[in-house]
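Trainee: One structure coming up, written as structure tokens, with questions to follow.
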Amino acid sequence: MASTTRTPHPREKRIIFKNIDRPGWTNDIECYLHDGGYEELKKAFTMKPEQIVNEVKASGLRGRGGAGFPCGVKWGFIKPGGSKPVYLICNADESEPGTFKDRYIIHQDPHQLLEGMIISCYAVNARLAYIYIRGEFPEGAKILEHALAEAKEQGFLGKNILGSGFDLEIYVFRGAGAYICGEETGLIESMEGKRPYPRIKPPYFPAVLGLYMCPTIVNNVETLCNVKHIVRIGGAEYAKMGKPNNTGTRLLCVSGDVQQPGYYEFEVGGITIGELINDICGGMKPGRTLKAVIPGGSSAKVLNAKDRYKIKAKQPDGTTVELEMGLEDIPIDFDTLAAAGSMAGSGGVIVMDDTRDMVWALNNINEFYAHESCGQCTPCREGSLWMKKITERMLHGGGVEQDTDTLKTVADNIAGRTICAFGEACAWPTQSFIDKFRDEFAATAGKKGSENGSTNH
Amino acid sequence: MDIPAELETKIDEAITQYPVSKRSATLPLLHLIQEQLGYIDEAAIEWVAKKLGLEPINVLELVTFYPMIRREPAGKHHIRVCRTLSCAMAGSYELLDTFCKYARIDRQHNGHGTHLLKSEDGKYSIEFVECLASCGFGPVCMINDDFYEAVSQEEVPQLLEKYQ
Amino acid sequence: MSEPTDLLNVQIDGIWYQFKKGTRVIEACAQAGKFVPHYCYHPKLSSPGNCRMCLIEMGMPKLGPDRKPALGPDGKPVISWIPRPQISCAQDIAEGMGVRTDSPLTRECRNGVMEFLLINHPLDCPICDQAGECQLQEYSVEFGTAGSRFLEEKVKKPKRVELGPRVTLDDERCILCSRCIRFMKEVAHDDVLGFASRGSHTYLTAHPGKLLDSNYSLNTVDICPVGALTSTDFRFKMRVWFLKETKSICTSCATGCNTIIGTRENVIYRQTPRENNAVNSDWMCDYGRLNFHYVNSAERLKIPQVRDSQGLANVSWRSALAKAGEELKQYQKDGVAVVASAKMTNEELWLAKKLIDSLGTTYHDIVPRFGEADDLLMSADRNPNTLGAQLFGVTGEHPGAKLQEIAESIGSGEIKAVVALGEDLTQIGLTASQLKKLSTLIVVGILPNETTRSASVLLPACAFPEKRGTMINIKGRLQRLNRALQPPGEARDDWEIIRDLIQQLTGSNGIYLIEDVFKQIADTIPEMKGLSFSRIGDTGVQLVDETEEARAAAVTV
């Protein structure tokens, strides 16, 4: 029950997670400094902010929170020399079901985050920054506040950092149990003291009209940590890791029906779903077979283990070939998973074996989205609860024939029609579960309550 | 409303972290008050509104949106069990039942309640919450601010022993 | 030839138009005759884009390799259509933009939104005030589906909530468009409304310690697209499709908000504001809005009366007017006073001055009434036509300045006769016993008071919704009242009564219609030259440039 230290798998490439579960490692600044910490910050101050932005652009770093948006492009939206102050917010609201990576950085290696964040603030000229941490990490918030105090004491924060002329204050802002605060404009509204209703875009693009209607950069914890390493080795070197357009390393979180669930770091695209499940995570439980995988957090579309996937892959020589492969052969990177009809998302890989009832699984997910919908716009507010009520009824023996089609069309009426991506997030599970496992849903029509999925109620 | 001087000092300090807009301090203030006094009542809503120059409705809007902000006191010890997919697959629904049994909490309904489920003696309260971000080591739960992974039903009684 | 730079080319449903730069997409569609259904959008409020009903297909010019729009065979930009539908309420048009308001995707979007709005909506139509003017009903018919496929239990929320003293809220009907919240915050500057809870359980509320009691609370009822917010005064009183709607103006203060008076079978049920961007935008205050119940009062004066030895007796109009003329002829010049009202129309005031001139008296004035102005619509001057009274010389530069003198002269006995036009003389400091001292008291009024009870001749007249005429508001705007009701019993138009009184005195006439009165005014008063009743229109005519005083006294929205 107590937290055990987990040894990294030999195949991992631990850069961001280098210090997680490291024997003898403690999360104080002395330990971090002793290990060479904050050298990259010193190096960053020898560079011009534009240079750092260029390195990040060259690195090809894509956001690690779930959207996978190129970080350098996002930073490039901030035009230097504007009249309004620029803000930077670290999105530490880790709430995507299946995801558990930022937690460890915050609790065990907070200074890596701070260093990456300070460098990033310098790059975009943000003098005031916040870490939005989910309310359910109370210890994490204390650790970060302590780390910030340590950093300030050492002169890495505050006025004229390391004689650079750059001032920066960072504060911790605690959330209070709302997944929608992970959406960057919902986060901004929450920070402004309002209900966290995401903003319409256009016109409220954070880089233009963000926090307090000023240019704002919102980046995930893992993304900001990567910035430190990009400064360390340079953007071009970073881009050598992973694959073109899918560079660097990625933290993968595996949960569900595998022998050794946990967190692992690999080069992007450096491991396939099958390798991850079987070689790294010890494979399926005895006597069980793989049935389904959700590769990128519960918002990602589910993939059927029995399907064959036609992936268009760009070859090194520039030509495009169409490869056919099974689920287990799919490499875990942004582009391939997108081509397979899902997404890399937050890196949360949820594995389900043949004992799992798909109706039960979707109902569990639907209940999550129904709870977390902020309620601002019509399709998501009404549709998310409706979908949950249908799957609940299907599960408990009140299913009728039209339910499956109703579910699907309700989801179709949500995706693409909402203010923010929560619409897709709550619709894709339903669309994909029905698409891939329609028979199970159709079979609930007229049947008594399902006993499968051992944990249903 | 009686805000102890020490708490008010913390509150004033918190407000300084939002130099651009005092309204940003609303949720931080609610956290601070709830930490000390256990929950947010009417007086607290009005106090926070007055302190930040807001209308009471502005504070009420937030208090009712965020599940972690309580309108009524929790038990002496508050338990949160995760209900989302990976933990559910690992047995978190059964874990919830086991907690309720040993904490003597009578649960009429399942799911993410808008009100707390409390034991009669007020010692424990329980909430079935959404993903707590430790999915690979489920089922997970929190008791007060302490976090526990891979909690088996068997160890529930001894866990609760620690919280008396 | 260069085009004016503030016009942009936009294609709507295949046809190219030009609109002013800064036009909202949804407004451009409306100008092109393509109505886009919407709930949360309101031209006078901020646009949150939450209802999703105004989703349309949008496109931008396809850019060629030279980064300039590629032109099609018609010489116009080729449009590259965005696959994801866009809302049209929160974006302005851009050069070369394309919009499809009626494509299969657009219709699918609307159908989807309608379905979502109705799944938790209570089937209250039979008991809901909004029926007949409900956008949920209307758009459901046009864009929705006849049947429902929702098999679950609907979400339950508070019903019949007293949101404030004048507004009743039904949370189940609410579609969470937030118009009311935005109105209270942005226009009424009283941020009292908000949303509580989350997701599908979200509901509108006010904090229990601070209810919706603003003087502008009822505007939220107007803008609520459904029957969630209802006027407690109007609730369950009348089906709106039975109401005859008459355009008029409010007479409770000098602002003259434009209104619609709703009546049925000669009873007034409600007043609602009418848009006039030069006066009141889309709003009016609660005080003026609800200030009409007295019109329906059973106490209304209905029959002309003349005092005999036993008190006031009912007589015919002919007798009453003859008696009034007979009495007034006994007095010359400053033996008689005329106390008029700035609640009268211009036509009535014009004729009142003629009456004053016929009597030859210098004792005449109006009764001023003042209150506190708010910084929105309510003027400090609670009379709707002070400027009119001044323009026609019924009162002077300082309205009411003559009243004390008049009161004293009545007390001293110098003034023996008074003509009270629509005012109660106890308002100018006279007591009932002083009134009884007058030999002649000709009263034109609508409701009983001390003055009517002391009258020697009592002539029943019209309340404001029974009048046809014009008034000049505090900003010098000439606006028209239209008749929404017939006066009760034998009560008559004030202007006709005053004309007949003049006729009793001078014998001459020539005025048959109210338009004749107006024509006389227009021919005489330079500021109104060239105007006619119909020329004034529904939104009025600005007569004079705002004086500094008027600007200071007036309020802007």
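Chains as they are written, first to last, in the working numbering: chain A, 1405 to 1861; chain B, 139 to 302; chain C, -16 to 540. Glycine included, every Cβ here is placed at the ideal spot set by N, Cα and C. Keep in mind that this is a model prediction, so the values were computed, not measured.
Does chain C have any CB closer than 7 angstroms to the CB of ARG1901 of chain A?
Mentor: Missing from the structure shown is residue 1901 of chain A; chain A here goes from 1405 to 1861 and no further.
Trainee: Does the distance from the C-beta atom of TYR1491 of chain A to that of THR1620 of chain A stay below 7 angstroms?
Mentor: Within the first sequence, the letter at position 87 stands for residue 1491 of chain A. Within the first sequence, the letter at position 216 stands for residue 1620 of chain A. Yes, they are a contact pair.
Trainee: In whole angstroms, what separates the C-alpha of GLY1646 of chain A from that of PHE1738 of chain A?
Mentor: Along the first sequence, one-based indexing puts residue 1646 of chain A at 242. Along the first sequence, one-based indexing puts residue 1738 of chain A at 334. In a straight line, the C-alpha of GLY1646 of chain A is about 11 angstroms away from that of PHE1738 of chain A.
Trainee: For ARG218 of chain C, I'd like the list of residues in its chain whose CB is within less than 8 angstroms of its CB, leaving aside the five on either flank, ordered along the chain.
Mentor: For the purposes of this step, residue 218 of chain C is identified with residue 235 of the third sequence, where counting begins at 1. Cβ within range, chain order: ASP112 and THR151.
Trainee: By alpha-carbon positions, which one of C:VAL175, C:PHE178 and C:CYS163 ends up nearest to PRO208 of chain C?
Mentor: The residue you call residue 208 of chain C lines up with position 225 of the third sequence. When each option's Cα is compared against that of PRO208 of chain C, the closest is C:CYS163.
Trainee: According to DSSP, is PHE2 of chain C part of a helix, a strand, or is it coil?
Mentor: For the purposes of this step, residue 2 of chain C is identified with residue 19 of the third sequence, where counting begins at 1. The answer is strand: DSSP assigns PHE2 of chain C an E or B state.
Trainee: Would you mind stating whether THR236 of chain B and GLN291 of chain B have Cβ atoms separated by less than 7 angstroms?
Mentor: Counting from one through the second sequence, the residue named residue 236 of chain B turns up at place 98. Counting from one through the second sequence, the residue named residue 291 of chain B turns up at place 153. In this structure, GLN291 of chain B lies closer than 7 angstroms to THR236 of chain B by Cβ.
Trainee: Comparing C-alpha positions only, which one of C:ILE102, C:GLY16 and C:PHE166 sits nearest to HIS25 of chain C?
Mentor: Locating residue 25 of chain C in the third sequence gives position 42, counting from the first residue. Answer by Cα proximity: C:PHE166.
Trainee: 7 angstroms is my cut-off, CB to CB: does ALA179 of chain C come that close to chain F?
Mentor: As a matter of chain content, chain F is missing from the structure shown, whose protein chains are A, B and C.
Trainee: Select from the region 171 to 199 of chain B all residues with a C-beta closer than 9 angstroms to any C-beta belonging to chain C, and list them in chain order.
Mentor: Going along the region 171 to 199 of chain B in chain order, one finds GLU180, ILE183, GLU184, ALA187, LEU192, GLU193, PRO194, ILE195, ASN196, VAL197, LEU198 and GLU199 with a Cβ nearer than 9 angstroms to chain C.
Trainee: Is LYS1705 of chain A near ASP1661 of chain A, with beta carbons less than 7 angstroms apart?
Mentor: Position 301 of the first sequence, counting from 1, holds the residue named residue 1705 of chain A. Position 257 of the first sequence, counting from 1, holds the residue named residue 1661 of chain A. Contact flag unset, no.
Trainee: If the cut is a Cβ gap below 8 angstroms, which residues of chain C does PRO1783 of chain A touch?
Mentor: As a working note, residue 1783 of chain A is residue 379 in the first sequence. The contacting residues are ARG35, GLY95, VAL96 and PHE99.
Trainee: Using CA coordinates, which residue listed in C:MET80, C:GLU91 and C:ASP75 is at the minimum distance from ARG35 of chain C?
Mentor: As a first step, residue 35 of chain C is located in the third sequence; it is residue number 52 there, counting from the start. The shortest C-alpha separation from ARG35 of chain C is found at C:GLU91.
Trainee: Report the three-state DSSP secondary structure of MET1729 of chain A (helix, strand or coil).
Mentor: If you number the first sequence from 1, residue 1729 of chain A lands on position 325. Strand, per DSSP.
Trainee: Please name the residue in A:GLU1726, A:GLY1820, A:GLU1796 and A:GLY1827 whose C-alpha comes closest to that of LYS1852 of chain A.
Mentor: For this step, residue 1852 of chain A is matched to residue 448 along the first sequence. Minimum Cα distance to LYS1852 of chain A is reached at A:GLU1796.
Trainee: Tell me which same chain residues have a C-beta within less than 8 angstroms of the C-beta of VAL304 of chain B, skipping the five on either side of it?
Mentor: What is shown of chain B runs 139 to 302, which leaves residue 304 of chain B out entirely.
Trainee: DSSP three-state call for ASN248 of chain B: helix, strand or coil?
Mentor: Counting from one through the second sequence, the residue named residue 248 of chain B turns up at place 110. Note that ASN248 of chain B scores a pLDDT of 42, beneath 50, so its modelled location is shaky; the value from the coordinates is reported in the next line. DSSP places ASN248 of chain B in coil when its eight states are reduced to three.
Trainee: Write down the C-beta distance between GLY452 of chain C and THR328 of chain C rounded to the nearest angstrom, noting that I regard them as a contact closer than 8 angstroms.
Mentor: Looking up residue 452 of chain C in the third sequence gives position 469. Looking up residue 328 of chain C in the third sequence gives position 345. GLY452 of chain C to THR328 of chain C, Cβ: 3 angstroms. Contact.
Trainee: Please identify, using Cβ separations under 9 angstroms, the residues of the region 499 to 517 of chain C that lie next to chain A, in order along the chain.
Mentor: Under the 9 angstroms Cβ criterion, the region 499 to 517 of chain C contributes no residue.
Trainee: When the cut-off is 7 angstroms and only beta carbons count, does GLU1540 of chain A lie next to chain B?
Mentor: Reading the first sequence from its first residue, position 136 is the one you call residue 1540 of chain A. Chain B contact via Cβ: present.
Trainee: When the Cα of ILE1634 of chain A is compared with those of A:GLY1440, A:GLY1464 and A:ILE1424, which residue comes out closest?
Mentor: In the first sequence, the residue the question calls residue 1634 of chain A occupies position 230. Per the Cα distances, A:GLY1464.
Trainee: Residues of chain A with CB closer than 7 angstroms to the CB of MET206 of chain B, please, in chain order.
Mentor: Taking the first residue of the second sequence as 1, we reach residue 206 of chain B at position 68. Correct list: GLY1539, ALA1580 and GLY1581.
Trainee: Could you pull out every residue in the same chain whose Cβ sits closer than 8 angstroms to the Cβ of LEU1566 of chain A, ignoring the five residues on either side in sequence?
Mentor: Taking the first sequence and counting its residues from 1, one reaches residue 1566 of chain A at position 162. Excluding sequence neighbours, LEU1566 of chain A sits near LEU1445, LYS1446, PHE1449, GLY1559 and PHE1560.
Trainee: With a threshold of 7 angstroms between beta carbons, is CYS157 of chain C in contact with chain A?
Mentor: Here residue 157 of chain C corresponds to residue number 174 of the third sequence, with the count starting at 1. No, its Cβ sits nowhere closer than 7 angstroms to a Cβ of chain A.
Trainee: Is PRO1665 of chain A close to chain B? Criterion is C-beta to C-beta, closer than 7 angstroms.
Mentor: As a working mapping, residue 1665 of chain A is identified with position 261 in the first sequence. Yes, its Cβ sits closer than 7 angstroms to a Cβ of chain B.
Trainee: If we ignore side chains and look at the alpha-carbon of each, how far apart do THR1676 of chain A and LYS1716 of chain A end up?
Mentor: In the first sequence, residue 1676 of chain A corresponds to position 272, counting from 1. In the first sequence, residue 1716 of chain A corresponds to position 312, counting from 1. Distance between the alpha carbons of THR1676 of chain A and LYS1716 of chain A: 16 angstroms.
Trainee: For TYR1536 of chain A versus PHE1577 of chain A, is the C-beta distance shorter than 7 angstroms?
Mentor: For the purposes of this step, residue 1536 of chain A is identified with residue 132 of the first sequence, where counting begins at 1. For the purposes of this step, residue 1577 of chain A is identified with residue 173 of the first sequence, where counting begins at 1. Yes, the pair counts as a contact, with Cβ atoms nearer than the cut-off.
Trainee: Under a three-way DSSP split, which group does ASP1809 of chain A fall into?
Mentor: Locating residue 1809 of chain A in the first sequence gives position 405, where the first residue counts as 1. ASP1809 of chain A falls in the helix class under three-state DSSP.
Trainee: Taking the CB atoms as reference points, tell me whether GLY1470 of chain A and SER1836 of chain A lie closer together than 7 angstroms.
Mentor: Your numbering for residue 1470 of chain A matches position 66 in the first sequence. Your numbering for residue 1836 of chain A matches position 432 in the first sequence. In this structure, SER1836 of chain A does not lie closer than 7 angstroms to GLY1470 of chain A by Cβ.
Trainee: Quick one: Cα of ILE9 of chain C to Cα of ALA1533 of chain A, how far?
Mentor: Against the third sequence, residue 9 of chain C aligns to sequence position 26. Against the first sequence, residue 1533 of chain A aligns to sequence position 129. About 38 angstroms.
Trainee: Under a CB-based cut-off of 7 angstroms, is LYS1793 of chain A close to chain C?
Mentor: Working through the first sequence from its first residue, we reach residue 1793 of chain A at position 389. True, the Cβ-Cβ gap to chain C drops below 7 angstroms.
Trainee: Using the C-alpha atoms, what's the distance from GLY1752 of chain A back to HIS104 of chain C?
Mentor: In the third sequence, the residue the question calls residue 104 of chain C occupies position 121. In the first sequence, the residue the question calls residue 1752 of chain A occupies position 348. Distance between the alpha carbons of HIS104 of chain C and GLY1752 of chain A: 37 angstroms.
Trainee: For the putative contact between ASP196 of chain C and PRO141 of chain C, defined by C-beta atoms under 8 angstroms, what is the C-beta separation to the nearest angstrom?
Mentor: Here residue 196 of chain C refers to the residue found at position 213 when the third sequence is read from its first residue. Here residue 141 of chain C refers to the residue found at position 158 when the third sequence is read from its first residue. The pair is not a contact, with the Cβ atoms about 19 angstroms apart (cut-off 8 angstroms).
Trainee: Output the distance between the C-alpha atoms of SER1702 of chain A and TRP185 of chain B, rounded to the nearest integer angstrom.
Mentor: Sequence index remark: in the first sequence, residue 1702 of chain A carries index 298 (1-based). Sequence index remark: in the second sequence, residue 185 of chain B carries index 47 (1-based). Approximately 40 angstroms, taken between the alpha carbons.
Trainee: Given a limit of 9 angstroms on CB to CB distance, which residues of the region -3 to 24 of chain C reach chain B?
Mentor: Going along the region -3 to 24 of chain C in chain order, one finds no residue with a Cβ nearer than 9 angstroms to chain B.
Trainee: On the CB-based measure, 16 or more other CB atoms within 10 Å of its CB, does GLN1806 of chain A come out buried or exposed?
Mentor: Along the first sequence, read from residue 1 onward, the residue named residue 1806 of chain A stands at position 402. Flag for GLN1806 of chain A reads exposed.
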